[in-house]
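Participant:
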Amino acid sequence: MLGYIASNYKKSNYKIVLSEQVYTRLLGLINLCGLNINGEYDEFGSLFYGKFESNGVIFLESPSEVQDYQIQSKSFSMTDSMWKELESKIDDDNCRIFAHFHTHPYFQDDRNRLYSTEDISFYQNLAIGLNSNRKNEDQIIVLGCMASVSGRNISSLDDISFVYYDMRQHEMIYVPSIFVKIGNQEYELEHVPDEYSYNGVSFPIDRTLLEINTDESQKRHR
Ligand SMILES: [Zn+2]
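For what it's worth, numbering that gives the first Met the number 0 labels the leading residue of the sequence shown as 0, then goes sequentially.
(1) Report the residue ranges of all alpha helix (DSSP H) runs contained in full by the segment 13-70; include only those spanning at least 4 residues, in chain order.
(2) Around ligand 1, what residues have a beta-carbon under 5 angstroms from a heavy atom of it, in chain order?
(3) Nearest to TYR48 by CA position, among ASN30, LEU25, ASN35, is which residue?
(4) Under 8 angstroms by Cβ, that's how I've got PHE224 and VAL16 pegged, so tell me the actual separation to the nearest angstrom.
(5) Between the alpha carbons of ASN7 and ARG112, how many angstroms are there, rounded?
(6) Output yes or no for whether 8 angstroms exceeds the beta carbon distance between CYS32 and THR78.
(7) LYS10 and TYR173 look like a contact to me (Cβ under 8 angstroms); what is the Cβ gap, rounded to whole Å?
(8) In or out: SER63 buried (at least 16 other Cβ within 10 Å) or exposed?
(9) Can you tell me where the beta strand (DSSP E) holding ASP158 begins and where it ends?
(10) Using only the alpha-carbon positions, how far apart do ILE89 and ARG95 sit?
(11) Can you list, in chain order, the residues of its chain with a C-beta nearer than 8 angstroms to that of PRO104? Leave out the 5 residues immediately preceding and following it.
Shown next, in the form of structure tokens:
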């Protein structure tokens, strides 16, 4: 198995809304990961802190305040200061939900749209670790968020997905519904079903485009 396709997991009814600040950071990091730096493409990442609103809405409000754009050796991992920030947010602000975001820049093929085995086990272990001493009503949701550069190098085909490990059902869940809030207006990021093929076998990919389409008439109906 090369990796995991988000849309193969059970679908969540949660709706994710990104603030303009979070969306801007996300776009900045995906642009960085498309840069060839000293002959290499690197992964970049951040933390997005959020809160629950009514009716299953998760509002991801603010990106990490610590420096999160340093070049690492290819694969992104949280720095010590990011860990410290996360721990203090959980302790002080009672942060119950956050997203661990990273990019996949490997656009020579379409595999970058898959979560690696390490990605999935990291989210799972972090959720289990953070919740081990917590009561049900205090549970923390750890969203895994991955954005990848289009294999065809077309920026409008860059994509994003969210998953999380459900502590009650003991399985990964996929959150297909992603919006961006600009001013008082929410824009849904468009889904384009696609296929990923490996060794002649095709897997469905439910891909979410990163570009906001503000023209209502062009919105796809789902
Ligand atoms: Zn990864």
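Even glycine gets a Cβ: it sits at the ideal position worked out from N, Cα and C.
Facilitator: So, from the listed chains and residues:
(1) Uninterrupted alpha helix (DSSP H) stretches at least 4 residues long and entirely within the segment 13-70 occur at 19-32, given in chain order.
(2) SER115, ASP118
(3) LEU25
(4) Outside the displayed span of the chain (0 to 221) sits residue 224, for which this structure offers no information.
(5) 13 angstroms
(6) no
(7) 6 angstroms
(8) buried
(9) 158-165
(10) One C-alpha to the other measures close to 7 angstroms.
(11) Excluding positions up to five away in sequence, the list reads CYS32, GLY33, TYR40, ASP41, GLU42, ASN111, SER147, VAL148.
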